[in-house]
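Trainee:
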Ligand SMILES: Nc1nc2c(ncn2[C@@H]2O[C@H](COP(=O)(O)OP(=O)(O)OP(=O)(O)O)[C@@H](O)[C@H]2O)c(=O)[nH]1
Ligand SMILES: [Mg+2]
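Residue numbers (this note's numbering): 78 to 305.
#1: Would you mind stating whether residue 322 and residue 134 have Cβ atoms separated by less than 8 Å?
#2: Using the DSSP secondary-structure output, state which residues sit across from residue 144 in a beta bridge.
#3: Does the Cβ-Cβ distance between residue 195 and residue 111 come in under 8 Å?
#4: Assess, as a yes-or-no matter, whether the stretch 170-184 is touched by the stretch 196-209 under the definition of 3 or more beta carbon pairs within less than 8 Å.
#5: For residue 129, does the three-state DSSP call read helix, strand or coil?
#6: In chain order, what residues of the same chain lie with their CB nearer than 8 Å to the CB of residue 193, ignoring the 5 residues before and after it?
#7: Any heavy atom of ligand 3 within a distance shorter than 7 Å of the CB on residue 256?
#8: Who are the near neighbours of residue 301 in its chain, counting only those whose CB is closer than 7 Å to its CB and skipping five residues on each side?
#9: Could you check where the alpha helix (DSSP H) with residue 116 kicks off and where it finishes?
#10: Quick check on the DSSP output: the beta strand (DSSP E) that includes residue 241 runs from which residue to which?
#11: Need the endpoints of the beta strand (DSSP E) that residue 273 sits in, please.
#12: How would you write the range of the beta strand (DSSP E) that residue 185 sits in, first residue to last?
#13: Would you kindly report the start and end of the unbroken alpha helix (DSSP H) that includes residue 232?
#14: Alpha carbon to alpha carbon, how far is residue 247 from residue 277? Give it in angstroms, no decimals.
#15: For a test of the three-state rule: what should DSSP assign to residue 278, helix, strand or coil?
#16: Could you check if residue 124 is buried or exposed, using at least 16 other CB atoms within 10 Å of its CB as the buried criterion?
#17: Can you tell me whether residue 283 is buried or exposed? The criterion is at least 16 other CB atoms within 10 Å of its CB, across all chains shown.
#18: Let's test the definition: count the other Cβ atoms within 10 Å of the Cβ of residue 263 and tell me whether it reaches 16, buried, or not, exposed.
#19: Determine the direct distance from the alpha carbon of residue 227 to that of residue 234, and round the result to whole angstroms.
#20: Using 10 angstroms around the beta-carbon of residue 285, count the other beta-carbons present and answer buried if the total reaches 16, otherwise exposed.
#21: Does DSSP classify residue 265 as helix, strand or coil?
#22: Can the beta-carbon of residue 244 be found less than 8 Å from the beta-carbon of residue 121?
#23: Taking C-alpha atoms, which residue in 205, 201, 172 lies nearest to residue 219?
Here is the structure:
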């Protein structure tokens with residue numbers, strides 16, 4: 078039985094990679110910059126995206142997709158920014174995959190979209206295996222969940238382009254050991270950029286938005302798109 082399970086899983090992942098590559102080409106051709114966000118449940122992805130949408134929505138045509146097993150709660154929160162938001166409910170599935178994104182954009186893709194943000198299901202394990210066709214993947218990690226997380230969940234750090242430490246307003250209250258966390262990220266993924274911020278206070282968001290602008294400007298351009 079065992080080898081068969083491995084084989085089926087490999088086929089699923091191969092199919093996902095093919096679909097994700099097609100999605101990435103499609104986003105690039107449409108001039109859409111796509112960033113995805115992954116973290117453990119409750120690390121602050123939605124709060125972070127609420128503020129990111131508020132801060133970028135005035136100058137950019139932005140939208141968001143958000144994955145959860147159930148409810149429209151996060152989409153309702155994100156919609157308050159005024160941006161178009163699509164909730165993807167996965168039922169029992171613990172991650173988003175390329176097929177879910179593909180299906181969602183078939184029925185929903187705002188005209189003239191420039192930046193699309195994707196909040197993954199709260200999970201530090203399964204999302205690591207699924208390319209979503211995004212250009213930038215950020216792993217979020219809150220100061221309340223323990224500095225050892227990069228060591229315990231290395232795969233997600235190895236697929237990310239940036240690590241974002243959230244809830245820094247709580248750092249002293251929970252005795253957050255900043256040096257230990259920075260060292261642990263560096264051990265698992267040397268050179269990974271690390272940003273520190275608070276969606277509650279807004280601290281660190283200027284640096285995050287500057288990082289985002291640079292990442293969007295650096296993405297590959299396809300003939301006929303401006304990249305703006
Ligand atoms: N103090 C503080 N609390 C925060 C911050 N960001 C989020 N929170 C709180 O943390 C809790 C979880 O935040 P969410 O944004 O819902 O977290 P999430 O990662 O989207 O959660 P899931 O989608 O369920 O995985 C909420 O009570 C937020 O108010 C922050 O920067 N500072
Ligand atoms: Mg959320």
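All C-beta atoms in this analysis are idealised placements derived from N, C-alpha and C, irrespective of residue type, glycine included. Note that the structure is a prediction, hence the values are computed from the model and not measured.
Mentor: Reading off the structure:
#1: Residue 322 lies beyond the residue range present for the chain, which begins at 78 and ends at 305; the question has no answer from this structure.
#2: Looking at the DSSP output, residue 144 bridges to 165.
#3: yes
#4: yes
#5: Residue 129 sits in a helix when the DSSP states are folded into three classes.
#6: 104, 109, 110, 111, 112, 139, 140, 141, 142
#7: With respect to small molecules bound, the structure shown includes ligand 1 and ligand 2 and not ligand 3.
#8: Note that residue 301 scores a pLDDT of 46, beneath 50, so its modelled location is shaky and nothing firm can be said.
#9: Here residue 116 belongs to no alpha helix (DSSP H), and DSSP marks it neither H nor E.
#10: 239-243
#11: 271-273
#12: Looking at the DSSP string, residue 185 is not in any beta strand (DSSP E), and its letter there is neither H nor E.
#13: 231-235
#14: 10 Å
#15: coil
#16: Residue 124 comes out buried.
#17: exposed
#18: exposed
#19: 7 Å
#20: buried
#21: helix
#22: Yes, they are a contact pair.
#23: 201
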